[in-house]
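Chains as they are written, first to last, in this note's numbering: chain A, 1045 to 1168; chain B, 9 to 187.
Think of the CB as a built atom: it goes at the ideal place given N, C-alpha and C, for glycine as much as any other residue.
Treat the numbers as computed from the prediction; the structure is a model and nothing was measured.
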Amino acid sequence: MDKLLIVDDSATMRKIIMRVLRQANLKVETVLEAANGVEGLEKLTSDPDIGMILTDVNMPEMNGIDFVKAVRTNHQKEALPMIMITTEGSDAMIQTAMDSGANGFVTKPFTPDSIQEALEPYFG
Amino acid sequence: MANADATGETQDLPSESHLIDVLKDSIQEVFSMMMSSVEEATLHRDDRDSVQVRTADGQVETADMGIEAKIVFEGGLNGVVVIRCSDQGALNVAQMLLMTEGEDVLAQEEIDDALGECLNMIAGSLKTKALDPVDDFQLGLPEINASVTEQSDYRAGSLAYRLTDGFLAAEIWLTGEAG
């Protein structure tokens, strides 16, 4: 994959996800980072050929649910794979995430295997 | 305490002891999946900035708990989940999460962020297991070294752990009257 965007307010979690991508042998040319949904939309505007987005839910400025909805509607990226990676693993939250337009959901804490399983279908 | 769910049926809010039991499970889950196992210890004395901990081998050790992270939850029950660490303990948590070597230098901002994310995962797990099944709860964002007691009335319970290097204490504070 050429470009992947990680949206999470924790720099620690962004680094963990990047490490897990390497461990899972999911090859990405360029990993972009954003600390919240607003920054995520800005990255998508300046880099429209992002191939996949991984996003947290609970973030300041703009949460992950609103971010996914904005990507699907305002940026008209209906086919862009978006996976939510979040601590909030209730059935209700998973349903909300899928209803907002997310393609998948990974709960923190996670193992490299769970990340690989969620992302691998989108890697050629 | 009871709360009505969407069907109108009454759901009992979790007891303080259940919250602490689930907090214990959540801590073990986060540490075992993202870092390494932790050894449960007993809080012997707690002066907030300093604790005495009795470890599994019976030794009593004193640690200055210089770093504290909190996260607020609100719903049928309002409170705060807190983790406190010795400086060495906080560095240990950051090193484990970031998988850095012992000699690597981490900036305080990196340590604080790692501790906040550790707490975020612990509180998220607690919310999913103990709070979401009974009511609609919201979780705040982690805050480092912000006052705990201004938003809460009493401590419902606390836990202590010996890390590879240093100590960690975890607790839940609630608003209202002690149950």
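Checklist entry - Just how far apart, CA to CA, sit Ala1123/A and Pro1092/A? => result Numbered from its first residue, the first sequence carries residue 1123/A at position 79. Numbered from its first residue, the first sequence carries residue 1092/A at position 48. Using only the alpha carbons, I get a separation of about 13 Å.
Next on the checklist: Quick check on DSSP: helix, strand or coil for Asp57/B?
Outcome noted: Residue mapping note: residue 57/B aligns to position 49 of the second sequence, counting from 1. In this structure, Asp57/B counts as coil in the three-state DSSP scheme.
Item to check | Complete runs of the alpha helix (DSSP H) confined to the segment 104-144 of chain B [at least 4 residues] | outcome: 116-134
Item to check | Expected contact under 8 Å - CB spacing of Ile180/B and Leu27/B to nearest Å | outcome: Looking up residue 180/B in the second sequence gives position 172. Looking up residue 27/B in the second sequence gives position 19. Their Cβ separation, rounded to whole angstroms, is 5 Å, which keeps Ile180/B and Leu27/B in contact under 8 Å.
Checklist entry - Within the 8 Å Cβ cut-off, does Ser45/B reach chain A? => result Within the second sequence, numbered from 1, the residue matching residue 45/B stands at position 37. No - not a single Cβ of chain A is within 8 Å of the one on Ser45/B.
Checklist entry - For Val1072/A versus Phe1111/A, is the C-beta spacing smaller than 8 Å? => result Position 28 of the first sequence, counting from 1, holds the residue named residue 1072/A. Position 67 of the first sequence, counting from 1, holds the residue named residue 1111/A. Cβ atoms of Val1072/A and Phe1111/A: not closer than 8 Å.
Next on the checklist: So for Leu1065/A, helix, strand or coil by DSSP?
Outcome noted: In the first sequence, the residue the question calls residue 1065/A occupies position 21. Correct three-state label for Leu1065/A: helix.
Item to check | Segment limits, alpha helix (DSSP H) that includes Thr1140/A | outcome: Indexing the first sequence from 1 puts residue 1140/A at position 96. Unbroken alpha helix (DSSP H) run through Thr1140/A: 1135-1144.
Checklist entry - Since Asn1147/A and Ile1127/A are thought to touch, with beta carbons under 8 Å apart, how far apart are those beta carbons, to the nearest angstrom? => result Stepping through the first sequence from its first residue, residue 1147/A is reached at position 103. Stepping through the first sequence from its first residue, residue 1127/A is reached at position 83. Right, their Cβ atoms sit about 6 Å apart.
Checklist entry - Since Val1064/A and Ile1159/A are thought to touch, with beta carbons under 8 Å apart, how far apart are those beta carbons, to the nearest angstrom? => result Taking the first residue of the first sequence as 1, we reach residue 1064/A at position 20. Taking the first residue of the first sequence as 1, we reach residue 1159/A at position 115. Indeed, because the Cβ distance is near 5 Å, the residues count as touching under 8 Å.
Checklist entry - Along chain B, in chain order, which residues have C-beta atoms closer than 7 Å to that of Ile1138/A? => result The residue given as residue 1138/A occupies position 94 in the first sequence. By Cβ distance, chain B contributes nothing, its closest Cβ being about 10 Å from Ile1138/A, past 7 Å.
Item to check | Selection of the segment 33-64 of chain B by Cβ proximity to chain A, strictly under 7 Å | outcome: Glu37, Val38, Met41, Met42
Checklist entry - What number of angstroms, rounded off, separates the C-alpha of Ala189/B from the C-alpha of Lys1059/A? => result No information on residue 189/B is available, as it lies outside the stretch 9 to 187 that chain B covers here.
Checklist entry - Taking the C-alpha atoms as reference points, what is the distance between Ser133/B and Cys126/B? => result Looking up residue 133/B in the second sequence gives position 125. Looking up residue 126/B in the second sequence gives position 118. Distance between the alpha carbons of Ser133/B and Cys126/B: 11 Å.
Next on the checklist: In this structure, how does DSSP classify Ser166/B when only helix, strand and coil are distinguished?
Outcome noted: Residue numbering aside, residue 166/B sits at position 158 when the second sequence is read from its first letter. DSSP places Ser166/B in strand when its eight states are reduced to three.
Item to check | Minimum C-alpha distance to Glu1083/A - residue among Ala1068/A, Asn1069/A, Leu1070/A, Thr1099/A | outcome: For the purposes of this step, residue 1083/A is taken as residue 39 along the first sequence, with counting starting at 1. For Glu1083/A, the nearest C-alpha among the options comes from Thr1099/A.
Checklist entry - When the cut-off is 8 Å and only beta carbons count, does Leu147/B lie next to chain A? => result Looking up residue 147/B in the second sequence gives position 139. Yes - at least one Cβ of chain A is within 8 Å of the one on Leu147/B.
Next on the checklist: Measuring only the C-alpha atoms, how far is Ala1068/A from Asp1157/A?
Outcome noted: For the purposes of this step, residue 1068/A is taken as residue 24 along the first sequence, with counting starting at 1. For the purposes of this step, residue 1157/A is taken as residue 113 along the first sequence, with counting starting at 1. Cα-Cα distance, rounded: 7 Å.
Checklist entry - Touch check for the segment 33-43 of chain B and the segment 60-80 of chain B: three-plus C-beta pairs under 8 Å? => result no
Checklist entry - Less than 8 Å separating the beta-carbons of Leu105/B and Ala122/B? => result In the second sequence, residue 105/B corresponds to position 97, counting from 1. In the second sequence, residue 122/B corresponds to position 114, counting from 1. Yes, the Cβ-Cβ distance between Leu105/B and Ala122/B is below 8 Å.
Checklist entry - Can the beta-carbon of Asp143/B be found less than 8 Å from the beta-carbon of Gly84/B? => result Here residue 143/B refers to the residue found at position 135 of the second sequence. Here residue 84/B refers to the residue found at position 76 of the second sequence. In contact: Asp143/B and Gly84/B (Cβ atoms closer than 8 Å).
Checklist entry - Can you find a C-beta in chain B that's less than 8 Å from the C-beta of Ile1060/A? => result Reading the first sequence from its first residue, position 16 is the one you call residue 1060/A. Flagged as an interface residue toward chain B: Ile1060/A, by a C-beta distance shorter than 8 Å.
Item to check | Interface partners of Met1126/A on chain B, CB under 9 Å | outcome: As a working mapping, residue 1126/A is identified with position 82 in the first sequence. Neighbours of Met1126/A on chain B: none; closest Cβ ~20 Å, over 9 Å.
Item to check | Three-way DSSP call (helix, strand, coil) for Leu149/B in this model | outcome: Stepping through the second sequence from its first residue, residue 149/B is reached at position 141. It is coil, neither helix nor strand.
Next on the checklist: Runs of 3 residues minimum, wholly inside the segment 1048-1124 of chain A: which ones carry the beta strand (DSSP E) assignment?
Outcome noted: 1074-1078, 1096-1099
Checklist entry - Does DSSP classify Met9/B as helix, strand or coil? => result Your numbering for residue 9/B matches position 1 in the second sequence. In this predicted model, Met9/B has a pLDDT of only 47, less than 50, meaning its place in the structure is not dependable; the value taken from the coordinates is given anyway. Reduced to three states, the DSSP call for Met9/B is coil.
Item to check | Nearest-angstrom Cα separation, counted from Ser45/B out to Lys1047/A | outcome: Counting from one through the first sequence, the residue named residue 1047/A turns up at place 3. Counting from one through the second sequence, the residue named residue 45/B turns up at place 37. Rounded to whole angstroms, Lys1047/A to Ser45/B spans 35 Å at the Cα level.
Checklist entry - At what residues does the beta strand (DSSP E) containing Ala71/B begin and finish? => result As a working mapping, residue 71/B is identified with position 63 in the second sequence. 68-72 is the span of the beta strand (DSSP E), which, as asked, contains Ala71/B.
Checklist entry - Does the beta carbon of Ala12/B come closer than 8 Å to any beta carbon on chain A? => result Taking the second sequence and counting its residues from 1, one reaches residue 12/B at position 4. Unreliable placement is indicated for Ala12/B, whose pLDDT of 49 sits below 50; no coordinate value is reported for it.
Checklist entry - Where DSSP assigns a beta bridge to Val30/B, which residues make up the other side? => result Locating residue 30/B in the second sequence gives position 22, counting from the first residue. Bridge partners of Val30/B: none, in fact.
Checklist entry - So what's Ala98/B in DSSP terms, helix, strand or just coil? => result Residue 98/B sits at position 90 when you count from the first residue of the second sequence. In this structure, Ala98/B counts as helix in the three-state DSSP scheme.
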